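Novice:
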Amino acid sequence: MISANQIEIHKTTSSRLSQTDFHNLGFGKIFSDHMLVCDYHNGAWEKPQIVPFQNLSLSPATNFIHYGQSIFEGLKAFKCEDGKIRVFRPDANFNRMNLSAERLCMPQIPKEIFIDGLKELLLLEKDWIPTAEGSSMYIRPFMFSLDEEIRVRASDTYKFMIILSPSGKYYAAPVKVLVERQYVRAPKGGLGAAKTAANYAASLYPAKLAQQKGYDQLIWTDSTEHRYIEEAGTMNFMFVINDTLVTPVLNDSILAGITRDSILTLAREWGMKVEERKVSIEEVLQAAEKGLLQDAFGSGTAAVVSPIAVISDQGKEYVLPPVESRSFSLKIAEELKKIRMGLTPDTHGWVTTI
């Protein structure tokens, strides 16, 4: 961990902790007292600072506002029964963020800024980490371009930040999803494999249309045929068909989910048959009609394991088996919870304890 003389810490003089209702957190709506900031100038990263949570002062000509050179990550920290703080797979988020940075012509973030800076921030904000069932400290690292110039080019200056949000569950109930066969989240050869703001902006209008029809999320399909399942935008999709765990194979339009990877690793260790391949929506719906679709869920940092209750396609709704009958998603969700909370041996080295 970086030491106190390697990072500047400026503590707030007025904490909001006592004013926070930890019984009514929501998700991503409340933020802790401090944030980490670090600027990139003249080809090098400056000394990181932890400062009071505050608004930013930016020029109207700041590059990312106009051209979208912005990336982010999402991970969680937990305050466990033994009093320790545990973070689930931060190294994987660090590596993925630098892959996103490369795709968007942004500088690589040093590990001592991302990982060690995060540890310092969490230690300072330890009293903000919620302990209620299903709650966590949601961690949002992000980076954006800073050049003040109305010109389409990669910036020379950047700002990296980490903010913390004590949060409850992302989805309170099983989700209803709508198959999207018109709009595209990310085309082949695009930015789909990077965690960049542009991908989420592209999803907003189709998602709004789906929500107006009563659905929680979209099943994005491929940009060429609108036939093969990709992801939900906030989750990867997984299905148990005839005792086999099936998930779309990664490509440059699907984000490599860290929860996805964790689930696949555990399933293989449990001896379950796992297939990463192209998955058509027709295959899934036919399996549902024949009674072979035993489980369907989304996986992601925010949602963790989110059961799918209903799939709608071309005007027809397919109601899936009751959640309580789904042995795999219930088992995997419980196993991930135990690993994150330090209740079972971490044989993969996934958890960082602070």
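In my numbering, the protein residues as written are -8 to 345. Every residue, glycine too, gets a C-beta built ideally from N, C-alpha and C. None of these values were measured; they are calculated from a predicted model.
#1: Just to confirm before moving on: does the CB-CB distance between I130 and L66 stay below 7 Å?
#2: Note down, one range per segment and in chain order, each alpha helix (DSSP H) of at least 4 residues found wholly within the stretch 102 to 173.
#3: Residue range of the beta strand (DSSP E) that L257 falls in?
#4: Which one of G340, Y196, G291 and L182 has the shortest CA to CA distance from N242?
#5: Can you find the residues in the same chain that come closer than 7 Å, C-beta to C-beta, to G19, ignoring five residues on each side of it along the sequence?
#6: Alpha carbon to alpha carbon, what distance is there between M229 and S320?
#7: Considering Cα atoms alone, identify which of A163, M152 and K110 is closest to S126.
#8: Name the DSSP beta bridge partners of M229, please?
#9: Once DSSP output is grouped into helix, strand and coil, what is the label at S(-6)?
#10: Does the stretch 196 to 203 come into contact with the stretch 263 to 274, if we say contact requires no fewer than three beta-carbon pairs (one atom in each stretch) closer than 8 Å?
#11: Under a Cβ-count criterion, where at least 16 other Cβ atoms within 10 Å of its own Cβ denotes burial, should P298 be classed as buried or exposed?
#12: What span of residues does the beta strand (DSSP E) with Y309 cover, start to end?
#13: Please report the distance separating the alpha-carbon of G306 from that of E216.
#14: So what does W36 bridge to, in DSSP terms?
#15: How is Y206 classed by DSSP in three states: helix, strand or coil?
#16: Should the stretch 54 to 64 be called in touch with the stretch 131 to 138, which here means at least 3 C-beta pairs below 8 Å?
#17: In terms of residue numbering, what span does the beta strand (DSSP E) encompassing P298 cover?
#18: How should H25 be labelled, buried or exposed, when 16 other C-beta atoms within 10 angstroms of its C-beta is the threshold for buried?
#19: From which residue to which residue does the alpha helix (DSSP H) around R87 run?
Specialist: To lay it out plainly:
#1: Within the sequence shown, numbered from 1, the residue matching residue 130 stands at position 139. Within the sequence shown, numbered from 1, the residue matching residue 66 stands at position 75. Contact: yes.
#2: Listed in chain order, the complete alpha helix (DSSP H) runs (minimum 4 residues) inside the stretch 102 to 173 are 102 to 115.
#3: One-based indexing of the sequence shown puts residue 257 at position 266. For L257, no beta strand (DSSP E) encloses it; the enclosing alpha helix (DSSP H) starts and ends at I249 to E260.
#4: The sequence position of residue 242 within the sequence shown is 251, counting from 1. The shortest Cα separation from N242 among G340, Y196, G291 and L182 belongs to L182.
#5: Taking the first residue of the sequence shown as 1, we reach residue 19 at position 28. Excluding positions up to five away in sequence, the list reads Y129, S156 and S158.
#6: One-based indexing of the sequence shown puts residue 320 at position 329. One-based indexing of the sequence shown puts residue 229 at position 238. Taking the straight line from one Cα to the other gives about 9 Å.
#7: The residue given as residue 126 occupies position 135 in the sequence shown. Considering only alpha carbons, the answer is A163.
#8: Here residue 229 refers to the residue found at position 238 of the sequence shown. DSSP, once it has assigned bridges, lists F288 as partnering M229.
#9: As a first step, residue -6 must be located in the sequence shown, where it is residue number 3. Note on S(-6): pLDDT 47, under 50, position unreliable in the model; no value is reported.
#10: Flag = no, the stretch 196 to 203 and the stretch 263 to 274 do not touch.
#11: The sequence position of residue 298 within the sequence shown is 307, counting from 1. P298 comes out buried.
#12: The residue you call residue 309 lines up with position 318 of the sequence shown. According to the DSSP assignment, Y309 belongs to the beta strand (DSSP E) that extends over K307 to V310.
#13: One-based indexing of the sequence shown puts residue 306 at position 315. One-based indexing of the sequence shown puts residue 216 at position 225. Answer to the nearest angstrom: the Cα atoms are 19 Å apart.
#14: Working through the sequence shown from its first residue, we reach residue 36 at position 45. Answer is Y31, bridged to W36.
#15: Taking the first residue of the sequence shown as position 1, residue 206 is located at position 215. Here Y206 sits in coil by DSSP.
#16: Yes: the two stretches touch, three or more of their Cβ pairs being nearer than 8 Å.
#17: Residue numbering aside, residue 298 sits at position 307 when the sequence shown is read from its first letter. V295 to D304 is the span of the beta strand (DSSP E), which, as asked, contains P298.
#18: Indexing the sequence shown from 1 puts residue 25 at position 34. Under this definition H25 is a buried residue.
#19: Within the sequence shown, numbered from 1, the residue matching residue 87 stands at position 96. Note, R87: alpha helix (DSSP H), P81 to R94.
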